[in-house]
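Peer 1:
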Amino acid sequence: MRTLEIAVCGSGIGGLASAIALRNFGHNVTIFEKVALPRPVGSGLILQPTGQSALARLGLLGPALTHSRTLRGIAGHTSTGRTIFDIEYAALGPDMFGLGMHRGALFHILDAERERLGIPIAAAADITSSSIARDKRLIADAAGMSRGAYDLVIDATGLHSSLRKAHAVVVLDKPYAYGAVWGVVPEPSEWPHKHRLTQRYDGAKRMAGLLPIGHLPGTTQPLSAFFWSLRVVDFAAWRSSDFAGWRNEVTALWPAAAPVVEQFSGHSDLAAASYADVWLTVPYADRLAFVGDSARAASPQLGQGANLALVDAVILADCLDAHAKIDDALVAYAEFRHSHTRFYGLASRWLTPFFQSDSRLAGSIRDACFAPMARIPYLRREMIRTLSGLKTGIVTHQSPNRLVGLKADQPV
Ligand SMILES: Cc1cc2nc3c(=O)[nH]c(=O)nc-3n(C[C@H](O)[C@H](O)[C@H](O)COP(=O)(O)OP(=O)(O)OC[C@H]3O[C@@H](n4cnc5c(N)ncnc54)[C@H](O)[C@@H]3O)c2cc1C
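Mapped onto our numbering, the consecutive letters of the sequence shown carry residue numbers 3 to 414.
#1: Report back the beta-carbon spacing between Ser20 and Ile141 to the nearest angstrom; my notes put them in contact at under 8 Å.
#2: Leu47: beta carbon under 7 Å from a heavy atom of ligand 1?
#3: CB Ala300 to CB Leu282, shorter than 8 Å?
#4: Taking Cβ to Cβ, would you say Ala93 is nearer than 8 Å to Arg344?
#5: For Ala126, count neighbouring C-beta atoms within 10 Å of its own C-beta (all shown protein chains included) and say buried if the count is 16 or more, exposed if not.
#6: With distances taken Cα to Cα, identify the nearest neighbour of Phe87 among Ser401, Arg116, Ile386, Ala135.
#7: In terms of residues, what are the limits of the beta strand (DSSP E) holding Ser361?
#8: Assess, as a yes-or-no matter, whether the stretch 177-184 is touched by the stretch 27-41 under the definition of 3 or more beta carbon pairs within less than 8 Å.
#9: Just to confirm, is the Cβ distance from Ala349 to Pro355 under 8 Å?
#10: Count the other CB atoms, across all protein chains shown, that sit within 10 Å of the CB of Val414; report buried if there are 16 or more and exposed otherwise.
#11: Any heavy atom of ligand 1 closer than 7 Å to the CB of Thr388?
#12: Between Arg198 and Gly305, how many whole angstroms is the CB-CB distance? I'm expecting something under 8 Å.
#13: Just the C-alpha distance for Gln412 and Met98, rounded to the nearest angstrom, thanks.
#14: For Ala56, list the residues DSSP reports as bridge partners.
#15: Determine the DSSP secondary structure at Lys138, reduced to helix, strand or coil.
#16: Is the beta carbon of Pro219 closer than 8 Å to that of Glu189?
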């Protein structure tokens, strides 16, 4: 087996997972990270069965199970409390579930493994450009300092990747009008939905949600991630608005959430996040592979981005192991990931207006149609497969094992 010299740009979920997967195949990997003190950004996420299988391939599912909350399903309700959908993973099999996690817990698990494997990380390295010289790839930071040469560079710098803008054929890069503000609080002891992501809607304009996320490493306090949908152009106005007035607005929409929002004391307890739809013709260029949000991005409506990044990481490492030529490995990586990532890109784009938009009609259609749809057994299973990250097309799906490149298939 040949040993490749590989640079991974970005130490987020996709970058750390890629570095670990490649190191496990014996490659020499160095990570370059923009921030001086790498740490997780964001609050909570759902580790779907696909992401769980990818973590299992890295030998890291055990710690993820310890530092998360098992989720049985997700539920959405209107402002009057009417249920729009309430779907459970178990419909696909007894061993299917989601894991609500603090992003910090996932980061900690991946970073501890990086350290154990001795993968070096160069912090405060803002990688903004890259070039080819003598059949190797170089990278350079914002100050113009060049690093390399590498057999392969992996771009895992996320949604705002400079390398993607310079080296990929970008067919779509469109920001969403709506984002969200997020905050983490100790889970209220009386919270009734400890194993569910629960959302509350008022049309498509207002949405709140609460995700149980377990506890951070080294602590025992269970946490919940709360989010509130907001137009990106209104972020600044929200920050200067009356905070008590906002809390009243949330509890008027969702009285049961009062013990959650009462724990926020000011705007700075919540962080704003915006999203974009990004799609590339192929997730690679010459000796350059894109993984995670740099390879494609979507709104987090279906909760798949981190999971897709984890799956990218293990499949890219497999393809490099299976093909002697890097070019062939990158083509194989793109082909393997195409149908899965394409489905979630399109599904997120199609679904998001029903949950976050100014359209009155979209909210009404959702409220009228989702509940009857969820009562039809075939559609209900398809909804759960979609949530679980298993879809590869409108009528096709794969098991989590297959999606992460394992031969042994698991019936779902
Ligand atoms: C509000 C919100 C909720 C979400 N909920 C979910 C969910 O429930 N489930 C789910 O699966 N996904 C969710 N996602 C999506 C998920 O967070 C992303 O898809 C995932 O973090 C992508 O991982 P990544 O490694 O590609 O990028 P990131 O996690 O963004 O990491 C990128 C890394 O690159 C570094 N970097 C950036 N620029 C440079 C540079 N120039 N040079 C060097 N380093 C650089 C950054 O500092 C960072 O460390 C959510 C996203 C948002 C915004």
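Think of the CB as a built atom: it goes at the ideal place given N, C-alpha and C, for glycine as much as any other residue.
Peer 2: Once the coordinates are examined:
#1: Locating residue 20 in the sequence shown gives position 18, where the first residue counts as 1. Locating residue 141 in the sequence shown gives position 139, where the first residue counts as 1. Actually they are not in contact, since the Cβ atoms of Ser20 and Ile141 sit about 15 Å apart, beyond 8 Å.
#2: Translated into the one-based positions of the sequence shown, residue 47 becomes position 45. Checking the Cβ of Leu47 against ligand 1 gives yes.
#3: For the purposes of this step, residue 300 is taken as the residue at position 298 of the sequence shown. For the purposes of this step, residue 282 is taken as the residue at position 280 of the sequence shown. No, they are not a contact pair.
#4: Sequence index remark: in the sequence shown, residue 93 carries index 91 (1-based). Sequence index remark: in the sequence shown, residue 344 carries index 342 (1-based). Taking 8 Å as the Cβ cut-off, Ala93 and Arg344 do not qualify as a contacting pair.
#5: Position 124 of the sequence shown, counted from the start, is the residue given in the question as residue 126. Here Ala126 is exposed: its Cβ has fewer than 16 other Cβ atoms, across all protein chains shown, within 10 Å.
#6: Here residue 87 refers to the residue found at position 85 when the sequence shown is read from its first residue. Closest option to Phe87, Cα to Cα, is Ile386.
#7: For the purposes of this step, residue 361 is taken as the residue at position 359 of the sequence shown. No beta strand (DSSP E) contains Ser361, which DSSP labels as neither H nor E.
#8: no
#9: In the sequence shown, residue 349 corresponds to position 347, counting from 1. In the sequence shown, residue 355 corresponds to position 353, counting from 1. No, these two residues do not count as a Cβ contact at 8 Å.
#10: The residue you call residue 414 lines up with position 412 of the sequence shown. Since pLDDT at Val414 reaches only 39, below the 50 mark, its modelled position is unreliable, and the value read off the structure follows with that caveat. By the neighbour-count rule (16 or more Cβ atoms within 10 Å), Val414 is buried.
#11: Counted from its first residue, the sequence shown places residue 388 at position 386. Checking every heavy atom of ligand 1 against the Cβ of Thr388, none is found closer than 7 Å.
#12: Position 196 of the sequence shown holds residue 198. Position 303 of the sequence shown holds residue 305. Actually they are not in contact, since the Cβ atoms of Arg198 and Gly305 sit about 13 Å apart, beyond 8 Å.
#13: On the sequence shown, residue 412 is found 410 positions in, with the first residue counted as 1. On the sequence shown, residue 98 is found 96 positions in, with the first residue counted as 1. For Gln412, the predicted structure reports a pLDDT of 47, less than 50, and the residue's modelled location is therefore unreliable. A value from the coordinates is still provided. Rounded to whole angstroms, Gln412 to Met98 spans 11 Å at the Cα level.
#14: As a working note, residue 56 is residue 54 in the sequence shown. Bridge partners of Ala56: none, in fact.
#15: Locating residue 138 in the sequence shown gives position 136, where the first residue counts as 1. Per DSSP, reduced to three states, the secondary structure at Lys138 is strand.
#16: To locate residue 189, count along the sequence shown from 1; it is residue 187. To locate residue 219, count along the sequence shown from 1; it is residue 217. Here Glu189 is not near Pro219, since their CB atoms are 8 Å or more apart.
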